[in-house]
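Colleague:
There are 2 protein chains.
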Amino acid sequence: MNQRKISESTVRRLSLYLRLLRESGPSGTRVLSSRELAERTGSTSAQVRKDLSFFGSFGKRGRGYDVDELERTLAGILGLQQRWRVALIGVGKIGSALLGYGDLARRGFDIVAAFDIDAAKVGRHASGVNVWPLDELENVVRSHNVTIGIIATPPEAAEKTARRLADTGVAAILNFAPVKLSTPETVTVRTMDVALELEGLSFALTSERGNGAS
Amino acid sequence: MNQRKISESTVRRLSLYLRLLRESGPSGTRVLSSRELAERTGSTSAQVRKDLSFFGSFGKRGRGYDVDELERTLAGILGLQQRWRVALIGVGKIGSALLGYGDLARRGFDIVAAFDIDAAKVGRHASGVNVWPLDELENVVRSHNVTIGIIATPPEAAEKTARRLADTGVAAILNFAPVKLSTPETVTVRTMDVALELEGLSFALTSERGNGAS
DNA sequence: GGCTGTGAAGACCTTCACAGCC
DNA sequence: GGCTGTGAAGGTCTTCACAGCC
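Here the protein sequences line up with chains Z and B, keeping their order.
Under the working numbering, think of the first position of the first sequence as 400, with each following residue one higher.
Under the working numbering, think of the first position of the second sequence as 400, with each following residue one higher.
Next comes the structure, spelled out in structure tokens:
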């Protein structure tokens, strides 16, 4: 496991390859070439081979990659042979959507506890997950062995929540609040921001006019 | 507006700069240096200056950037001086969350119509947006002059929905379904996938063990 | 013949470092 | 003195192209 620095884009693509392999599951093809993998994930064949080559040689020359084997290998690389225990902070609109989103559990991420500052939201959520008062965060996160936190609080509360999660020993945070979190380097943070993505689209549409849009 | 190829990361950072400028609004500082902009968005001062230099010279040497002026300039570059008319397809968990998410309107994106295949969801949504039967998509998208579509359907329906949006003349799609969309090149697509981000975190946590994690 | 694995080349992005201006 | 704007250097990521194997 002595691996060099793997880029974020490579990891993203590995996830896409894995998703494809899982979909072409039992009834799918037994072997896929780098070209097929590329076409169906929006990459190139050389890119696929390069991505995989950082971790070893998993293909068979002249044939391609064995679907089952590559699936297991990729799951291993991505750390998805284990299940991850996740805490959700903030049971508002986004939080509730996440609680009801079965794809997360299907892909190895169990939301084992949720928190909200609003007493009315405390109790058992429709999804079956328990919603705790925010005060209980440290206790419950520790007792449930949570390693990943999801921040779905209002932006004003995000920074403080991040600090509390970090102090409680959570190793990674997925942040839905449109703010920059200042966490210790030991915590890996990734932010998802719908408005930011829309702004990216806005830019693309705006600058198209400049060039001769076909 | 004869601009060269601007990278996606540059555009993302421009959005972050703009967000910061807007937050440090009326009561904020009148001038910000590239160093300040960088520190508060998680970038570097050279990066900030380079990003801006693709579009012109907006700073004052020895002083920095005028907040109001740079805010206007960035909004112009990103195409945010106009408002964007957005259609949402799929009023499930994610779709509802988006309808209730005021930040989108605040940042220039108005969801002017929503669609769902389920007759029970048709009618006026709590957010005030009208939910139409899916059959009406082409009519309503055209009559409302929609330019951006958000796909929040189940994965199986995403591809077909994308094609319909593309055929109806929508210029950009924000896709929440975990599938690769095959749309004509005239349509800009961006996909947001929570599980994919979590898998990125999973990888980071897993590969840390390999190195000597401090 | 077909396809992988991979050095080398090329494209792209970031950082450096400093001239130029306030 | 302080800060911008920017060529040049350095680094990273992608694509090419082909040797090696099935």
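Just so you know, even glycine gets a beta-carbon here, dropped at the ideal spot from N, CA and C.
Just mark G611 of chain Z as buried or exposed, buried being the case when its beta carbon has 16 or more other beta carbons within 10 Å.
Modeller: Any reading at G611 of chain Z must be qualified, since the residue scores a pLDDT of 38, below 50, and its modelled position is unreliable; the value itself is stated next. Classification for G611 of chain Z: exposed.
Colleague: Given R482 of chain Z, which residues of its chain have a CB within under 7 Å of its CB, disregarding the five upstream and five downstream residues?
Modeller: Excluding residues within five positions, the ones whose Cβ falls inside 7 Å are G507, D509.
Colleague: Roughly how many angstroms lie between the CA atoms of V466 of chain Z and G455 of chain Z, to the nearest whole one?
Modeller: V466 of chain Z and G455 of chain Z: Cα-Cα distance of roughly 16 Å.
Colleague: So, at 7 Å on beta carbons, what are the nonlocal neighbours of T560 of chain Z in its own chain, with the 5 sequence-adjacent residues on each side left out?
Modeller: Taken in chain order, the residues that qualify are I488, I550, T552.
Colleague: According to a CB-to-CB cut-off of less than 9 Å, which residues of the stretch 591 to 607 of chain B neighbour chain Z?
Modeller: The residues in question are M591, D592, V593, A594, L595, E596, L597, E598, G599, L600, S601, F602, A603, L604, T605, S606, E607.
Colleague: Identify, in the order they occur along the chain, each residue of the same chain with its Cβ nearer than 6 Å to the Cβ of G463 of chain B, setting aside the five sequence neighbours on each side.
Modeller: Here the set comprises V430, L431, S432.
Colleague: Where DSSP assigns a beta bridge to T587 of chain B, which residues make up the other side?
Modeller: Answer is B:A571.
Colleague: Taking the continuous alpha helix (DSSP H) assigned at L436 of chain B, which residues delimit it?
Modeller: First-last of the alpha helix (DSSP H) with L436 of chain B: 433 to 438.
Colleague: Where does K520 of chain B fall in DSSP's three states?
Modeller: Here K520 of chain B sits in helix by DSSP.
Colleague: Which two residues bound the contiguous beta strand (DSSP E) that contains P532 of chain B?
Modeller: Start and end: 529 to 532.
Colleague: Look at the alpha carbon of L503 of chain B and the alpha carbon of L573 of chain Z, and state the distance between them as a whole number of angstroms.
Modeller: Each residue's alpha carbon lies about 20 Å from the other.
Colleague: Taking the alpha carbon of A512 of chain Z as the reference point, which residue from Z:G499, Z:V540, Z:V410, Z:G491 has its own alpha carbon closest?
Modeller: Nearest of Z:G499, Z:V540, Z:V410, Z:G491 to A512 of chain Z, Cα basis: Z:V540.
Colleague: Mind checking L419 of chain Z: buried by the 16 CB within 10 Å criterion, or exposed?
Modeller: L419 of chain Z is buried by the Cβ-count criterion.
Colleague: Cβ atoms of S542 of chain B and L498 of chain B: under 8 Å apart, would you say?
Modeller: No, the pair does not count as a contact, with Cβ atoms beyond the cut-off.
Colleague: Check whether the stretch 521 to 538 of chain Z touches the stretch 579 to 597 of chain B, counting contact only when three or more Cβ pairs, one atom from each stretch, lie closer than 8 Å.
Modeller: Taking 8 Å as the limit for Cβ pairs, the verdict is that the stretch 579 to 597 of chain B does not touch the stretch 521 to 538 of chain Z.
Colleague: Between which residues of its own chain and R484 of chain Z is the CB-CB distance below 8 Å, once the five residues before and five after are set aside?
Modeller: So the list reads D509, V511, H543, N544, V545, T546, I547, once near-sequence residues are dropped.
Colleague: Give the DSSP-derived three-state secondary structure of I476 of chain B in the structure shown.
Modeller: Note: I476 of chain B maps to helix in three-state DSSP.
Colleague: Check distances from the C-beta atoms of the stretch 435 to 458 of chain Z to those of chain B and list, in chain order, the residues that come in under 8 Å.
Modeller: Under the 8 Å Cβ criterion, the stretch 435 to 458 of chain Z contributes R439, T440, G441.
Colleague: Please go through the same chain and pick out, in chain order, the residues whose beta-carbon is closer than 6 Å to the beta-carbon of V490 of chain B, but skip the five residues on each side of it.
Modeller: So the qualifying residues of the chain are A513, D515, K520, V530.
Colleague: Which of the three DSSP states, helix, strand or coil, is assigned to K492 of chain B?
Modeller: Looking at K492 of chain B - three-state DSSP - the assignment turns out to be helix.
Colleague: Quick check on this structure: which residue in Z:T472, Z:P554, Z:E470 has the alpha carbon closest to the alpha carbon of G501 of chain B?
Modeller: Selected option, being the one with the closest Cα: Z:P554.
Colleague: What would DSSP say about Y464 of chain B, mapped onto helix, strand or coil?
Modeller: Strand, per DSSP.
Colleague: Mind listing which residues of the stretch 481 to 497 of chain B have their C-beta closer than 9 Å to chain Z's C-betas, in chain order?
Modeller: Answer set for the stretch 481 to 497 of chain B: Q481, W483, V485, G491, K492, I493, G494, S495, A496, L497.
Colleague: In angstroms, rounded to a whole number, what distance separates the CA positions of A518 of chain Z and S495 of chain Z?
Modeller: Cα to Cα, the separation comes out at about 15 Å.
Colleague: Residues in the same chain with beta-carbon distance under 6 Å from P583 of chain B, minus the five sequence neighbours each way, listed in chain order, please.
Modeller: Taken in chain order, the residues that qualify are A565.
Colleague: Going by beta carbon distance, what residues of the same chain come within less than 6 Å of T409 of chain B, once the five residues before and after it are set aside?
Modeller: Contacts found: D450.
Colleague: Can you find a CB in chain B that lies within less than 8 Å of the CB of A571 of chain Z?
Modeller: So, interface residue.
Colleague: With DSSP as the reference, please indicate the residues paired to V430 of chain B in a beta bridge.
Modeller: DSSP, once it has assigned bridges, lists B:D465 as partnering V430 of chain B.
Colleague: At least one CB of chain Z closer than 8 Å to the CB of S414 of chain B: is that the case?
Modeller: By this cut-off, S414 of chain B is an interface position.
Colleague: Just verifying my parser: in three-state terms, what is the DSSP assignment at R411 of chain B?
Modeller: Reduced to three states, the DSSP call for R411 of chain B is helix.
Colleague: Compare the C-beta of E555 of chain Z with all C-beta atoms of chain B and state if any pair is closer than 8 Å.
Modeller: False, the Cβ-Cβ gap to chain B never drops below 8 Å.
Colleague: Could you give the first and the last residue of the continuous alpha helix (DSSP H) run that contains D502 of chain B?
Modeller: Unbroken alpha helix (DSSP H) run through D502 of chain B: 502 to 505.
Colleague: Can you pull out the residues from the stretch 506 to 518 of chain Z whose beta carbon lies closer than 8 Å to at least one beta carbon of chain B?
Modeller: So the close ones are R506, G507, F508.
Colleague: Does any C-beta atom of chain B lie closer than 8 Å to the C-beta of P577 of chain Z?
Modeller: Closer than 8 Å: yes.
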